[in-house]
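In the numbering used here, the protein residues as written are 808 to 1129.
All residues carry an ideal CB built from backbone N, CA and C; glycine is no exception.
Step one of this worksheet: look at the structure below.
The following block contains the structure:
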């Protein structure tokens, strides 16, 4: 048998076995791989039977790898924001810190501002996780878990604890190896606890809003506004402000004062006594005044850093998971 005849037999064998597989699994062996195999075995010193056995063995290996990959559960990835993302594997939702420039960021922002930044980004990221946990395909998730060099500091651990995480768990060796021996920390929270915290916050907010809207004060205010001109938009504006106030002040502090202020501001806006820009400025001042009263902040003096912290804590608690 000439080398040319032998090459043709091998070539036809490769083409036939590839075509048969591609009929069962479309594009399983593409043209590039077919040509590469033909080139590999052209002018080979091996006999035809040996070549065919090698090709068959190689194809069987490819099929096994394909089956293994197809049957292996695929990890799901979600972007939470520009600082945190997450993946799902082994019934666990893993939260990851996206930026790798933690030291550089701390140097740029300063330690205090950096932890404020982390807190804001984590709150935003966590607000998106309940939706992920409640997706039909994610019902088997039982833990929300975070591991990062970020969690080696007490400040970061306290931030995670604020959102219900247990940050006292010892770091597993496999994660130390994953981060090349860097100092890292871990934090976790069960699915049930996480969703319970989220749902409790949501339910509390709904109850507070319902209570405010059904109060005698609010009903009388809406009646008076309706009697003035039967204007639906006026009622909608006041109801919207009631929502805004209760979201910030869940205990209802200053509700009547705020609503009276807003009723007056809307009247001035609609009667063209103030511009839309002035309306927004005066509304912001009204919100700030209520917050200052609630936190015993002296508005005649410059706001101290400690007062800024109290204001931020109030707003964070008001919007936790919202």
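In this structure residue 890 touches residue 928 by the C-beta definition: roughly 4 Å separates them, less than 8 Å.
In the structure shown, residue 894 falls within a strand segment according to DSSP collapsed to helix, strand and coil. 961 is the residue among 816, 961, 931, 811 whose C-alpha sits nearest the C-alpha of residue 919.
Remark: C-beta atoms of residue 1061 and residue 1010 do not approach each other more closely than 8 Å.
Residue 1118 and residue 1108 have their alpha carbons spaced roughly 15 Å apart.
Look at residue 1011 here: in three-state DSSP terms it is helix. For the pair residue 952 and residue 971, the CB atoms are not nearer than the 8 Å cut-off. Restricting attention to alpha helix (DSSP H) runs no shorter than 4 residues, the stretch 1021-1094 encloses them at 1023-1036, 1039-1055, 1062-1077, ordered along the chain. Boundaries of the beta strand (DSSP E) around residue 953: 950-955. Secondary structure at residue 889: coil, using DSSP grouped into helix, strand and coil.
Partner residues in a beta bridge of residue 971, as assigned by DSSP, do not exist.
Within the model, the alpha-carbon separation for residue 1053 versus residue 1046 is close to 11 Å.
Under the DSSP assignment, residue 995 falls in the beta strand (DSSP E) whose first and last residues are 992-997. According to the DSSP secondary-structure assignment, residue 1016 is paired through a beta bridge with no residue.
Contact holds between the stretch 848-862 and the stretch 809-824, because three or more Cβ pairs, one in each stretch, are under 8 Å apart. Across the set 874, 1038, 992, the C-alpha of 992 shows the shortest separation from the C-alpha of residue 977.
Under the three-state reduction of DSSP, residue 843 is assigned to helix.
The way I'd put it, the stretch 889-904 does touch the stretch 939-949; three or more beta-carbon pairs between them come closer than 8 Å.
Between the C-alpha atoms of residue 1057 and residue 1012 there is a straight-line separation of about 7 Å.
The beta carbons of residue 1024 and residue 1084 sit no closer together than 8 Å. Rounded to whole angstroms, the Cβ separation of residue 1059 and residue 1019 is 6 Å, and the two are in contact under 8 Å. Take residue 1032, set aside five residues on each side of it, and the residues of its chain with a beta-carbon closer than 8 Å to its own are 1038, 1041, 1042, 1045, 1070, in chain order.
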